[in-house]
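There are 2 protein chains.
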Amino acid sequence: MPAERSRPAIHVCITCNRAETPVPLDARPGRRLYEAVAALAQTRALDCDVRPVECMAQCSRSCTVAFSSLDKWSYIFGDLDPDIEGTADAVLACLDIQASDEDGLIRLGRRPPQIRKGLLARIPPFRPER
Amino acid sequence: MPAERSRPAIHVCITCNRAETPVPLDARPGRRLYEAVAALAQTRALDCDVRPVECMAQCSRSCTVAFSSLDKWSYIFGDLDPDIEGTADAVLACLDIQASDEDGLIRLGRRPPQIRKGLLARIPPFRPER
Chain A
5 MPAERSRPAI
15 HVCITCNRAE
25 TPVPLDARPG
35 RRLYEAVAAL
45 AQTRALDCDV
55 RPVECMAQCS
65 RSCTVAFSSL
75 DKWSYIFGDL
85 DPDIEGTADA
95 VLACLDIQAS
105 DEDGLIRLGR
115 RPPQIRKGLL
125 ARIPPFRPER
Chain B
5 MPAERSRPAI
15 HVCITCNRAE
25 TPVPLDARPG
35 RRLYEAVAAL
45 AQTRALDCDV
55 RPVECMAQCS
65 RSCTVAFSSL
75 DKWSYIFGDL
85 DPDIEGTADA
95 VLACLDIQAS
105 DEDGLIRLGR
115 RPPQIRKGLL
125 ARIPPFRPER
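Protein sequence lines, in the order shown, are assigned to chains A and B. Residue numbers for the first sequence follow the working numbering, so the first one is 5 and each next one is one higher. Residue numbers for the second sequence follow the working numbering, so the first one is 5 and each next one is one higher.
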């Protein structure tokens, strides 16, 4: 497997909308969060893929991000707000937390405040054997 | 990669409890759902892994199951009840639905009634390139 295919991935929903009023797709909070996270990851030259995704089926808990890494737990978080200072940084901090745990656990006590209470679900590693 | 490591996986939470009253761990609805799904998969000699898992962080939507396959979307469903007839069969039906879709989508219209409204989240494939 080429190295770039095993880099951890952050999926950011670009269609997430925090308001009930219609917002054009290119100005959605989800889109802005994606752009902020992607820009910060690029600035820091992080070894990860920040990927836009259209809907992860948690629209009522917008904005949503998911983390997946080879042989680690996958996580999905919601209730993120790109207008709260430090949110993009908090997303990237979870990447570090996941990388530092053998199973990829992102434990409550280690999460930054912007993302702490937003856990929506976690799914075990696809391949349990290492 | 050995073949057995690329088989699709069904994760069933064995600690899920549908009642507010305490239930011993070995009698939890999640445990019973896991045993029913695993037994049915074995009877049918299905090419999949049915794996017990302790908590996928959706306790308020018990019982929960997740599906993961290599290079396909991951799904997590909740509100499953092992005491409703056909529930284990419905879980295995989703495996077929996922296998028949190139991206692993489990579309609403194709889901059995026991699982139709229980979608909690979906996460894109870890590796987007095929």
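Heads up, the beta-carbon is just placed ideally off N, CA and C, and yes, glycines get one too.
For residue 70 (chain B), the CB contacts under 7 Å within the same chain, skipping 5 residues up- and downstream, are 15, 60, 78, 79 and 80 in chain order.
Selection A:108, A:30 and A:37 evaluated against residue 85 (chain A) yields A:37 as nearest (Cα-Cα). For residue 82 (chain B) against residue 62 (chain B), the beta-carbon gap comes to about 5 Å, under 8 Å, which counts as contact. From the listed residues B:121, B:91 and B:51, the smallest Cα separation to residue 39 (chain B) is found for B:91. Scanning chain B for C-beta atoms nearer than 7 Å to the C-beta of residue 80 (chain A) yields 125 and 127, reported in chain order.
In this structure residue 34 (chain A) touches residue 66 (chain A) by the C-beta definition: roughly 6 Å separates them, less than 8 Å.
Of the residues assessed, residue 115 (chain A) falls on the buried side of the cut-off, its CB having 16 or more other CB atoms within 10 angstroms. The three-state reading of DSSP puts residue 41 (chain A) in helix, counting H, G and I together. As summarised for the stretch 26 to 109 of chain B, the continuous beta strand (DSSP E) elements at least 3 residues long and confined to that stretch are 53 to 57, 69 to 72 and 78 to 81, given in chain order. Scanning chain A for C-beta atoms nearer than 7 Å to the C-beta of residue 16 (chain B) yields nothing, as the closest lies near 10 Å away. One thing to note: residue 127 (chain A) has its Cβ no nearer than 8 Å to the Cβ of residue 95 (chain A). Residue 125 (chain A) places its beta carbon less than 8 Å from that of residue 125 (chain B).
Among the residues facing chain B, residue 118 (chain A) is not included, as its CB has no counterpart in that chain under 8 Å away. By the Cβ test, the stretch 15 to 26 of chain B is in contact with the stretch 48 to 59 of chain B, since at least three Cβ pairs between them sit closer than 8 Å. Apart from sequence neighbours up to five positions away, the residues of its chain that approach residue 122 (chain A) with a beta-carbon distance below 8 Å are 65, 81, 82, 83 and 84, ordered along the chain. By the neighbour-count criterion, in which a residue is buried when 16 or more other Cβ atoms sit within 10 angstroms of its Cβ, residue 117 (chain A) is exposed. When the five nearest sequence neighbours on each side are left out, the beta carbons in the same chain lying within less than 8 Å of the beta carbon of residue 10 (chain B) are those of 74, in order along the chain. The beta carbon of residue 108 (chain B) sits closer than 6 Å to those of 73, 76, 77 and 102, all from its chain and outside the five residues before and after it, given in chain order.
Of all residues in the stretch 30 to 55 of chain B, only 53 and 55 come within less than 9 Å of chain A when Cβ atoms are compared, listed by chain position. Bounds of the beta strand (DSSP E) holding residue 17 (chain A) are 13 to 17. Listed along chain A, no residue sits closer than 9 Å to residue 103 (chain B) by beta-carbon distance, the nearest being about 15 Å off. In the DSSP annotation of this structure, the continuous segment of the beta strand (DSSP E) that includes residue 123 (chain A) starts and ends at 123 to 127. With a beta-carbon spacing of about 7 Å, residue 93 (chain B) and residue 44 (chain B) fall inside the 8 Å limit used to define contacts. Residue 41 (chain B) and residue 113 (chain A) have their alpha carbons spaced roughly 34 Å apart. Exposed is the label assigned to residue 111 (chain A), since fewer than 16 other Cβ atoms lie within 10 Å of its Cβ. For residue 74 (chain A), the nearest beta carbon of chain B is closer than 8 Å to its own beta carbon. Distance between residue 99 (chain B) and residue 48 (chain B), taken at the CA atoms: about 13 Å.
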